[in-house]
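In our numbering, the protein residues as written are 18 to 130.
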């Protein structure tokens, strides 16, 4: 699973939050930063190589969408991290122990379903 740098995280957040695909100009404009469109295109290309973004080549300018939801990406990252530890149960117990009571209750409900 790909880890994301700051600008990549910002771009992915825009794509995850958007109901439609976005062009590089759309992304640049929505970021509200003084970025060159070539910088945004470079970030989008990196995200595409990582498999996180799909480019629609049938339109000009090209439009971009995320290949997975924010939640799916987070699950993949959690599974990757858990796959690197020797004692998954200890890590999960520690993680659950840091949850607020409301989240722990939600987790209990989900596990019972």
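Glycine included, each C-beta is placed from N, C-alpha and C at the ideal position.
- Proximity of the region 115-123 to the region 83-101 falls short of the contact definition, fewer than three beta-carbon pairs being nearer than 8 Å.
- At a Cβ-Cβ threshold of 8 Å, residue 83 and residue 32 count as neighbours.
- Within the region 97-128, the complete alpha helix (DSSP H) segments of 4 residues or longer fall at 105-114, listed in chain order.
- Rounded to the nearest angstrom, the Cβ distance from residue 72 to residue 65 is 6 Å, consistent with a contact under 8 Å.
- The beta carbon of residue 40 sits closer than 6 Å to the beta carbons of 78 and 80 from its chain, once the five residues preceding and following it are set aside; these are given in chain order.
- Annotated three-state conformation of residue 72 is strand, per DSSP.
- Closest in C-alpha terms to residue 49, from the list 122, 113, 87 and 28, comes 28.
- The residues 33, in chain order, have a CB closer than 7 Å to that of residue 87 in the same chain once the five nearest residues on each side in sequence are set aside.
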